[in-house]
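Scroll down for the structure; my scribbles are underneath it.
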């Protein structure tokens with residue numbers, strides 16, 4: 001539906017058609033972008049399949065806070081991991097690619113989840129804005 005709507009408007013369909021014609025000589029196929037958030041969560045859940053979430057008391061959960069930023073100069077994220085004992089570990093990450101704020105936050109979330117999992121955490125509450 002959005003493509004049909006776009007092609008129906010002369011002011012937006014012109015550049016799209018021009019681009020399609022130019023790319024057609026190179027046999028390039030357009031594939032729609034997949035949802036980063038859904039894929040990141042699906043990948044993480046598949047890695048942790050089989051781990052029971054009901055066996056650990058609530059006080060043994062760690063906390064993960066992530067926040068991302070994207071500018072013209074690049075992108076980066078901050079990660080704060082709080083252990084069940086209340087100890088904080090703070091990390092900053094500078095990514096070598098341009099991305100939206102949401103993409104940066106999803107990437108930081110996945111990195112934080114992997115870090116806590118490798119450290120032995122089995123239960124985690126994750127927060128992102």
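Numbering (UniProt numbering), first residue to last: 1 to 129. Note that CB positions come from ideal geometry on N, CA and C, so glycine has one too.
Pairwise C-alpha distance: residue j and residue i
{"i": "residue 86", "j": "residue 61", "result": "10 angstroms"}
{"i": "residue 18", "j": "residue 82", "result": "52 angstroms"}
{"i": "residue 91", "j": "residue 106", "result": "15 angstroms"}
{"i": "residue 127", "j": "residue 46", "result": "20 angstroms"}
{"i": "residue 84", "j": "residue 22", "result": "56 angstroms"}
{"i": "residue 115", "j": "residue 72", "result": "28 angstroms"}
{"i": "residue 110", "j": "residue 70", "result": "17 angstroms"}
{"i": "residue 122", "j": "residue 63", "result": "11 angstroms"}
{"i": "residue 108", "j": "residue 98", "result": "14 angstroms"}
{"i": "residue 75", "j": "residue 66", "result": "14 angstroms"}
{"i": "residue 102", "j": "residue 117", "result": "22 angstroms"}
{"i": "residue 95", "j": "residue 79", "result": "13 angstroms"}
{"i": "residue 129", "j": "residue 104", "result": "12 angstroms"}
{"i": "residue 89", "j": "residue 40", "result": "23 angstroms"}
{"i": "residue 27", "j": "residue 93", "result": "37 angstroms"}
Cβ-based burial, residue i [other Cβ within 10 Å; buried from 16]
{"i": "residue 24", "result": "exposed"}
{"i": "residue 68", "result": "buried"}
{"i": "residue 42", "result": "exposed"}
{"i": "residue 119", "result": "exposed"}
{"i": "residue 100", "result": "exposed"}
Presumed contact (8 angstroms Cβ cut-off) between residue i and residue j, rounded CB distance
{"i": "residue 113", "j": "residue 124", "result": "7 angstroms"}
Legend entry - Entirely enclosed beta strand (DSSP E) segments - the UniProt domain "RNase H type-1" (66-126), minimum 3 residues: 74-82, 88-95
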